[in-house]
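Student: Just so it is clear: in the sequence shown, position 51 is 51 by UniProt numbering, and no numbers are missing.
All C-beta atoms in this analysis are idealised placements derived from N, C-alpha and C, irrespective of residue type, glycine included.
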Amino acid sequence: MVVSPGQSHLASDTKVVFTKSDRDYSIFYDVQIFYYLWYGTPQMDGKYIHWDHVLVPHWDPKIAPSHAKGRHTPPEDIASSFFPELGPYSSRDPSVLESHMSQIEAAAAGVLVLSWYPPGIADNHGEPCEDLVPAVMDAAHRHSIKVTGERTGMFLQFMVLY
Numbered sequence: 001m002v003v004s005p006g007q008s009h010l011a012s013d014t015k016v017v018f019t020k021s022d023r024d025y026s027i028f029y030d031v032q033i034f035y036y037l038w039y040g041t042p043q044m045d046g047k048y049i050h051w052d053h054v055l056v057p058h059w060d061p062k063i064a065p066s067h068a069k070g071r072h073t074p075p076e077d078i079a080s081s082f083f084p085e086l087g088p089y090s091s092r093d094p095s096v097l098e099s100h101m102s103q104i105e106a107a108a109a110g111v112l113v114l115s116w117y118p119p120g121i122a123d124n125h126g127e128p129c130e131d132l133v134p135a136v137m138d139a140a141h142r143h144s145i146k147v148t149g150e151r152t153g154m155f156l157q158f159m160v161l162y
């Protein structure tokens, strides 16, 4: 294990250097990336999910009436500030999941902060996706990426009350 420069404690596990058959690479376990499971496409899910999110109203009440209303209209107009290189994708597509984990690994981010809705809690724009969590856990493991844990309801309540 190699410790990141500037780390004062040698027992740190924030940077790990791995060797694969073709190269050495680093992954930083103090770099975390959010990952959402709620995207869908007609080809995989029968419809666009979350890509066609409602247009967010303008925050200024004076401008809001003239602001666009309706929904995004994929595949060209999606509910995202950035257009994914893969285009609008389905979180259920195993090749997309593998591509995402490879990209996260290449970026040296060591922890995936997984966001999904538990059964019965999805917002008006999403669908239940808890059945995808095991596939994400397996894919992350194949790429030496950790997935956040220990975020229970009690922990959240404690943090909110704090």
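Rounded to whole angstroms, what is the Cα-Cα separation between Gly-110 and Leu-132?
Tutor: Residue numbering aside, residue 110 sits at position 110 when the sequence shown is read from its first letter. Residue numbering aside, residue 132 sits at position 132 when the sequence shown is read from its first letter. Whole-angstrom Cα-Cα distance: 20 Å.
Student: With a threshold of 16 other CB atoms inside 10 Å of the CB of His-50, please say whether the residue is buried or exposed.
Tutor: On the sequence shown, position 50 is the one that residue 50 refers to. Classification of His-50: buried, given that the 10 Å Cβ count is 16 or more.
Student: Using 7 Å as the threshold, is the C-beta distance between Leu-97 and Val-147 below it?
Tutor: Residue 97 sits at position 97 when you count from the first residue of the sequence shown. Residue 147 sits at position 147 when you count from the first residue of the sequence shown. For Leu-97 and Val-147, no; Cβs fall outside 7 Å.
Student: Nearest-angstrom Cα distance between Val-31 and Ala-107?
Tutor: Position 31 of the sequence shown, counted from the start, is the residue given in the question as residue 31. Position 107 of the sequence shown, counted from the start, is the residue given in the question as residue 107. Going from the Cα of Val-31 to the Cα of Ala-107 covers about 10 Å.
Student: Pull up the CB-CB distance for Ala-68 and Leu-86, whole angstroms please, since I reckon it's below 8 Å.
Tutor: Working through the sequence shown from its first residue, we reach residue 68 at position 68. Working through the sequence shown from its first residue, we reach residue 86 at position 86. Between Leu-86 and Ala-68 the Cβ distance is about 26 Å, and since that is not below 8 Å, they are no contact.
Student: According to the Cβ coordinates, are Pro-84 and Tyr-48 closer than 7 Å?
Tutor: As a working mapping, residue 84 is identified with position 84 in the sequence shown. As a working mapping, residue 48 is identified with position 48 in the sequence shown. No, the Cβ-Cβ distance between Pro-84 and Tyr-48 is not below 7 Å.
Student: Based on the DSSP secondary-structure assignment, which residues constitute the bridge partners of Ser-115?
Tutor: Here residue 115 corresponds to residue number 115 of the sequence shown, with the count starting at 1. Beta-bridge pairing links Ser-115 to Tyr-36.
Student: Count the other CB atoms, across all protein chains shown, that sit within 10 Å of the CB of Asp-123; report buried if there are 16 or more and exposed otherwise.
Tutor: Sequence index remark: in the sequence shown, residue 123 carries index 123 (1-based). Asp-123 comes out exposed.
Student: According to the Cβ coordinates, are Ile-145 and Ile-104 closer than 7 Å?
Tutor: If you number the sequence shown from 1, residue 145 lands on position 145. If you number the sequence shown from 1, residue 104 lands on position 104. It is a contact, given that the beta carbons lie within the stated cut-off.
Student: Nearest CA to the CA of Trp-38: which residue from His-143, Tyr-25, His-53?
Tutor: Here residue 38 refers to the residue found at position 38 when the sequence shown is read from its first residue. Answer by Cα proximity: His-53.
Student: For Ala-139, which option in Ser-99, Tyr-89, Gln-43, Gly-40 has the closest C-alpha, if you only look at C-alpha atoms?
Tutor: Within the sequence shown, the letter at position 139 stands for residue 139. Cα-wise, what sits closest to Ala-139 is Ser-99.
Student: List the residues that DSSP assigns as beta-bridge partners of Ala-108.
Tutor: As a working note, residue 108 is residue 108 in the sequence shown. Beta-bridge pairing links Ala-108 to no other residue.
Student: With DSSP collapsed to three states, give me the class of Ser-12.
Tutor: As a working note, residue 12 is residue 12 in the sequence shown. Because the pLDDT of Ser-12 is 48, which lies under 50, any placement of that residue in the model is unreliable, and the number read from its coordinates should be weighed accordingly. If DSSP states are grouped into helix, strand and coil, Ser-12 belongs with coil.
Student: Using a threshold of 7 Å, state whether the C-beta atoms of Ser-115 and Tyr-36 are closer than that.
Tutor: Here the question's residue 115 lines up with position 115 in the sequence shown. Here the question's residue 36 lines up with position 36 in the sequence shown. In contact: Ser-115 and Tyr-36 (Cβ atoms closer than 7 Å).
Student: Mind checking which residues open and close the alpha helix (DSSP H) that includes His-141?
Tutor: Within the sequence shown, the letter at position 141 stands for residue 141. Residues 133 to 142.
Student: Checking 7 Å against the spacing of the C-beta atoms, do Arg-92 and Met-44 come in under that value?
Tutor: Position 92 of the sequence shown, counted from the start, is the residue given in the question as residue 92. Position 44 of the sequence shown, counted from the start, is the residue given in the question as residue 44. Yes, Cβ-Cβ distance for Arg-92 and Met-44 is below 7 Å.
Student: What's the call for Thr-40, buried or exposed, on a 16-neighbour Cβ count within 10 Å?
Tutor: Residue numbering aside, residue 40 sits at position 40 when the sequence shown is read from its first letter. The residue asked about is misnamed: residue 40 is Gly in this sequence, not Thr. So Gly-40 ends up on the buried side.
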